[in-house]
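In the numbering used here, the protein residues as written are 757 to 857.
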């Protein structure tokens with residue numbers, strides 16, 4: 757599994773959920789993406805949304821200090837997660853945060 761680094765702004769305040777015996781802090785990070793073509797920056801028309809989860813002390817610190825609109829940099833490992841009922845199951849990528857600044 758490789759490490760990913762993303763930068764962006766929080767789309768909403770962090771949400772703390774209970775998952776068994778641990779708490780998980782969930783974040784949505786909005787990133788303005790684009791590409792350089794012939795030396796000029798061309799932004800993509802749509803923003804990219806990243807779903808991030810932080811656990812243990814990192815999650816507690818994030819929940820206590822970060823708020824909607826804050827700029828963040830996140831380093832972590834990405835995996836595919838699923839939710840919903842059979843027949844209507846949806847899939848998405850989630851970044852398990854190792855560091856957040």
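Don't be surprised by glycine CBs; every beta carbon is placed ideally from N, CA and C.
A quick note: this is a predicted structure, and the numbers were derived from the prediction, not measured.
Query raised in the report: Which same chain residues, not among the five before or five after residue 771, have their C-beta less than 6 angstroms away from its C-beta?
Result: Reading the chain shown from its first residue, position 15 is the one you call residue 771. Excluding residues within five positions, the ones whose Cβ falls inside 6 angstroms are 782.
Requested in this report: Hey, could you find the ends of the beta strand (DSSP E) residue 771 is sitting in?
Outcome: On the chain shown, residue 771 is found 15 positions in, with the first residue counted as 1. It spans 771-775 - the beta strand (DSSP E) in which residue 771 sits, taken as one unbroken run.
Query raised in the report: Alpha carbon to alpha carbon, how far is residue 767 from residue 795?
Result: Mapped onto the chain shown, residue 767 falls at position 11. Mapped onto the chain shown, residue 795 falls at position 39. Residue 767 and residue 795: Cα-Cα distance of roughly 30 angstroms.
Report task. Within its chain, find whatever has a CB closer than 8 angstroms to the CB of residue 849; leave out the 5 residues flanking it on each side and keep chain order. Result -> Counting from one through the chain shown, the residue named residue 849 turns up at place 93. 806, 807, 834, 835, 836 and 837.
Requested in this report: Give me the Cα-Cα distance between residue 789 and residue 802, rounded to the nearest whole angstrom.
Outcome: Against the chain shown, residue 789 aligns to sequence position 33. Against the chain shown, residue 802 aligns to sequence position 46. Cα to Cα, residue 789 sits roughly 8 angstroms from residue 802.
Requested in this report: Could you pull out every residue in the same chain whose Cβ sits closer than 6 angstroms to the Cβ of residue 769, ignoring the five residues on either side in sequence?
Outcome: Residue 769 sits at position 13 when you count from the first residue of the chain shown. Cβ neighbours of residue 769 beyond the five flanking positions: 823 and 824.
Query raised in the report: Going by other Cβ atoms of all chains shown within 10 Å of its Cβ, with 16 needed for buried, is residue 853 buried or exposed?
Result: Locating residue 853 in the chain shown gives position 97, counting from the first residue. Classification of residue 853: buried, given that the 10 Å Cβ count is 16 or more.
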